[in-house]
Amino acid sequence: MTEGQVLEVGRQALWVLVQVALPVLIFGMVAGVLVSLFQAVTQIQEVTLTFVPKMVAVAVAIVIFGPWMLATMVAFMVQLLSFVPR
6 MTEGQVLEVG RQALWVLVQV ALPVLIFGMV AGVLVSLFQA VTQIQEVTLT
56 FVPKMVAVAV AIVIFGPWML ATMVAFMVQL LSFVPR
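Just so you know, my numbering puts 16 at position 11 of the sequence shown, and the rest follows in order with no gaps.
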């Protein structure tokens, strides 16, 4: 592999990382913002209240997007292994 090919594979790996991580991060962030808004409106300042909804949101995101995330990573791995000389 040339230097350009290695850099291209690295760029593609970072892009796949962003694609796979983004749905889970967005679900967690939205859950955190909603819980924070709820806490601000009701003046409940319980630290542990934010933990459970975020965990549930992340679990839901993994269940919803899990097959797509796995397919994306497998497709990238197949493409990556095609560069390996026989």
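We put the beta carbon where it would ideally sit given N, CA and C, even for glycine.
Beta-carbon contacts of ALA36 that lie in its chain and below 7 Å, excluding the five residues immediately before and after
Within the sequence shown, residue 36 is the residue found at index 31, counting from 1. Within the same chain, ALA36 has close Cβ partners PRO58, LYS59 and ALA62.
Cβ pair count under 8 Å reaching 3, the segment 17-26 against the segment 67-81
yes
Hey, THR77 and VAL25 are a contact pair by Cβ (cut 8 Å); roughly how many whole angstroms apart?
As a working mapping, residue 77 is identified with position 72 in the sequence shown. As a working mapping, residue 25 is identified with position 20 in the sequence shown. Confirmed, Cβ separation roughly 6 Å.
Ends of the alpha helix (DSSP H) at GLU8?
Locating residue 8 in the sequence shown gives position 3, counting from the first residue. First-last of the alpha helix (DSSP H) with GLU8: 8-47.
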